[in-house]
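What follows is a single structure, written as structure tokens, with notes after it.
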Amino acid sequence: MNAFRPLGVVVAEPGTVYSSPRESDRYWEVLVDCPETQGIYIYQVPPHLKVQSGDILSVPFGSQQLGAIAIRSTPSLPPSLPPDKVRNVEEIVSAGFFSPTYWELLNRVAEYYYTPLMQVVRVALPPGLLKRSQRRIRLIEPTAVTIDPFLSPASRQLLELLQASKTQDLAWRYLKSKVKGADWGLKALLQRHWVESYLEPPTPSRPKLQKAVTLLVDSLPAEVTPRQQEILGVLRQRGGELWLSELLQICQTSSSLIKALEQKGYVLSEEREVLRRNSGIWQAVDTPKTLTPDQSEALNQITQQTGYGQILLHGVTGSGKTEVYLQAIAPLLSQGKSALVLVPEIGLTPQLTDRFRARFPNQVFVYHSALSDGERYDTWRSTIQGTPQIIIGTRSAIFAPLPKLGLIILDEEHDSSFKQDQPSPTYHARTVAQWRSQLEDCPLILGSATPSLETWATLQQNTRYLSLPQRVYARPMPPVEIVDMRRELQEGNRSIFSRSLQTALAQLQAENKQGILFIHRRGHSTFVSCRSCGYVVECPHCDVSLAYHHTHERATPHLRCHYCNYSQLHPQRCPQCDSPYLKHFGSGTQRVTQELEKLYPSLRIVRFDSDTTRTKDAHRTLLTRFANAEADILVGTQMLTKGLDLAGVTLVGIVSADGLLHLSDYRASERACATLTQVAGRAGRGDDPGRVILQTYTPENPVVEAVRRHEYARFVETELSQRAALNYPPHGRLILLRLSGVDLNLVEQTAQQLANLLDSATAPYEILGPAPATVMRVANRYRWQILLKFPSNTSTQMQILSELKAHCPPAISLLIDVDPMQLG
Ligand code: ADP
Ligand code: ZN
Ligand code: ZN
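Residues 1437 to 2260 (this note's numbering) make up the sequence shown, in order.
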């Protein structure tokens, strides 16, 4: 094989512009991506070709000709690669397939996050993206004559074949098989601009078929059973059409019932072809709403922003941020531009996606890492075609290769799931979005009711502040009642629900209203310990206690590790002292659900956490059931905080705020304040006013006070000055080096060596550690870490950091987490 992988690609000087073609662009780094190989290789560009970043090339690889993407020119060859070993690029198959800035973006990510470019490419693009693409040749000059005496026989033959074909457009592979010397023949035709060469996005080999159910009657027939009536009702409510699988899930029914309806002629069920891009087929019609004065003002400011500019849209919960996004996007689409909307989690996506789809039918696509390769590929394909569209996705969607980008929106921009903790690149979608909107010269909107301190801190510099201080229809913010749980206990209430919350729950049903109960984290605090000797059941592979899981009344209780997923049965007796008094503590969602069932047997409960939403579309199903008033209470974890807009909710109960308030890192207060404010904001978003009951053992905590008074801005100002005093972000900057390995001594030793090395360099950072990670052992790997603290206004780009990996023994893995969110 004659292609060479450049050693440690990367490290270009910051600020290099990769897009401008120069005469000296002789050697190029090229991404080869086919089933057998995926990697970046160096090729030489012959003088008659002008290659630009983002072009699709045809290159020789071993004995094959493969498609490849031009990434960037490289000034010199690595010493290991003699010039006579470098092979030539054969042809530019399709110029400007990606915008050149796209590769500049990926390069920046690679540099900033100390990650090889190939690893960034894997995050950004679906695997094997060129493998199913085909080069085709199309005749563009119909009057081209084959009697031209200067034409070679090969050129003439090619022309004849093209002219004879019905579409005047043929696969290159076919032409090559028919014509001897086709390469040279084609070159002449291309030079005369008689034909063009292009890359056809492949059609999926097997179109995917799926059953859709369509309602055939206008009014609901009276002679069907109530159950059948219900199913027809759901169909009608959803615009008369649903995928069968969706209908079955929403109605919790079987396909035989649908078949019965079909036999009676009420519905039609048929196979339809679907692009695997996760789109529902129903579309309720939706038109732009008349904006409130605040919304109009915000929209005005946004539409005035042409070109790059960062905008913070700070709108209280229920203030109608989404409507502003929708109306900001509408004019772009008609100008032929596209928009990218990033959201924190899939759990939130169905609802938001539905709102976008209803407004812009057939122009909304979903893109996230949970899509199958096929789905990602299909979306990627439609993306690259450049028709105006909206991509909604989670953090990796920031890399969706949309051409003609007109706007990027990060909704709930404060959310920590925009940050990838591992593996590399440990990117933050907000940071990447800032680069991308600069490169594409388009505005970036950061929307939140609880903006991050990072964003808040930029208000003094380059960010425009837009505010929606009121809810739509001037609906009041829900009053927040703080309940001191210490006093509850003193006064003899041992329940996890305060008397106030109990009364409110009892009232819910009487008044036919809905409520939400929030528990911090999934079953995490529900460890099992022995009341006689204090023994705590721990994971044999990690340094954490096992969490108690009990799915329903008669299920066998078992214990599970949330780090490595190890599970075991709940022991009958204490493994240490044989006492039968093993008890579980804490209040996870399961425990709260069981307690609710005991106290209010007739309340209909939906549990919404990572256990119950594991299957595909489960989020959608659970939320739809709740939104259709098929349940009274939604019990859930953090997932509830993410932008749910459920009009029927009047009560929000925060079962215990304390787990959030006492986390031991410098971001704990910010996170607690944001989370509690967001949860509280789920109440009273409909016509009926809401209320919030917040239970805590530390009511005097300033965060609790800020939540009660709905005073987020003031909280942030105080918090910012504290961060500045301690030089924590967003004032200073952090890089966390995480080391892990199976040999504890080796991990510790290496950590110490790296720290010494870092210490010997003249560098602006302060070194904290090395120290064991908060949970030192996970899945039998030991973890140590070193924290680097940079003063404000210094770059975190340092040569010494890019050399660290070379100083680690092979058995130790090192992760460089730039701007870490989790310090543990
Ligand atoms: P946020 O995202 O700021 O929490 P949403 O965008 O979810 O708020 O809006 C809250 C609710 O108000 C939604 O149901 C939305 O449809 C509705 N809404 C938003 N703007 C308007 C408006 N101008 N007129 C009427 N209803 C609106
Ligand atoms: Zn014991
Ligand atoms: Zn474990």
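Every residue gets a Cβ at the ideal spot worked out from N, C-alpha and C, and that includes glycine.
| Item | Value |
| --- | --- |
| Reduced DSSP secondary structure (H/G/I, E/B, other) of asparagine 1524 | strand |
| Inter-residue spacing [alpha-carbon to alpha-carbon] between isoleucine 2248 and leucine 2182 | 8 Å |
| With 16 other Cβ atoms within 10 Å as the buried cut-off, status of alanine 1560 | buried |
| Residue range of the alpha helix (DSSP H) that includes cysteine 2109 | 2104-2116 |
| Tyrosine 1463: first and last residue of the uninterrupted beta strand (DSSP E) it sits in | 1463-1469 |
| Pairwise C-alpha distance: leucine 1611 and arginine 1958 | Since pLDDT at arginine 1958 reaches only 44, below the 50 mark, its modelled position is unreliable, and the value read off the structure follows with that caveat. Looking at the two C-alpha atoms, the distance is approximately 60 Å. |
| Own chain residues within Cβ distance below 7 Å of valine 2115, not counting five before or after | Phe1954, Leu2076, Thr2077, Val2088 and Ile2090 |
| 8 Å Cβ cutoff met for valine 1777 and isoleucine 1826 | yes |
| Residue from Arg2056, Leu2096 and Phe2044 with nearest C-alpha to valine 2071 | Phe2044 |
| Proximity winner among Lys1521, Asp1520, Val1557 and Ser1535, relative to glycine 1490 (alpha-carbon distances) | Ser1535 |
| Nearest-residue set for ligand 1, Cβ under 7 Å from any heavy atom | Lys1725, Thr1726, Leu1727, Thr1728, Gln1731, Gly1751, Thr1753, Gly1754, Ser1755, Gly1756, Lys1757, Thr1758, Glu1759, Ala1885, Leu1904, Val1908, Tyr1909, Gly2079, Asp2081, Ala2083, Gly2117 and Arg2121 |
| Under the three-state DSSP convention, the category lysine 1757 falls into | helix |
| Boundaries (first-last residue) of the beta strand (DSSP E) holding histidine 1484 | Element bounds for histidine 1484: n/a, residue is neither H nor E. |
| Phenylalanine 1801 - containing alpha helix (DSSP H), residue span | Not the alpha helix (DSSP H): phenylalanine 1801 falls in the beta strand (DSSP E), residues 1800-1803. |
| Neighbour-count burial assignment, tryptophan 1539, 16 or more Cβ in a 10 Å radius | buried |
| Inter-residue Cα distance where the pair is isoleucine 1686 and arginine 2061 | 7 Å |
| Simplified DSSP assignment, three categories, for tyrosine 2036 | coil |
| Chain-ordered residues, beta carbon under 5 Å from a heavy atom of ligand 4 | Ligand 4 is absent from the structure shown, which contains only ligand 1, ligand 2 and ligand 3. |
| CA-to-CA distance, lysine 1695 to glutamate 1849, given in whole angstroms | 46 Å |
| Cutoff 6 Å; reference alanine 2197; Cβ partners in own chain excluding five residues on either side | Ile2236 |
| Limits of the unbroken alpha helix (DSSP H) element including proline 2138 | 2138-2145 |
| Three-state secondary structure assigned by DSSP to tryptophan 1630 | coil |
| Distance between beta carbons of leucine 1651 and valine 1703, contact taken as under 8 Å | 6 Å |
| Three-state class that DSSP yields for alanine 2215 in the structure shown | coil |
| Whether alanine 2067 touches isoleucine 2041 by CB criterion (8 Å) | yes |
| Contained beta strand (DSSP E) runs [length at least 3] in the region 1893-1940, N- to C-terminal order | 1899-1904 and 1916-1920 |
| Nearest neighbour of leucine 1502, chosen from Val1529, Ala2215 and Val1800 [CA to CA] | Val1529 |
| Closest Cα partner of arginine 1831 within the set Ala1865, Gln1799, Leu1841 and Gln1699 | Ala1865 |
| Close-in-space but distant-in-sequence residues of the same chain around cysteine 1969 (CB under 6 Å, 5 per side omitted) | Gln2012 and Cys2013 |
| Length at least 4, wholly inside the region 2163-2201: the alpha helix (DSSP H) runs in chain order | 2180-2196 |
| Nearest-angstrom Cα separation, counted from arginine 1907 out to arginine 2145 | 16 Å |
| Coil, strand or helix - leucine 1561 by DSSP | coil |
| As assigned by DSSP and simplified to three states, the class of alanine 2119 | coil |
| Rounded separation between valine 1487 and arginine 1508 - CA only | 9 Å |
| Under the three-state DSSP convention, the category tyrosine 1550 falls into | coil |
| Reduced DSSP category for tyrosine 1813 - H, G, I as helix; E, B as strand; rest coil | helix |
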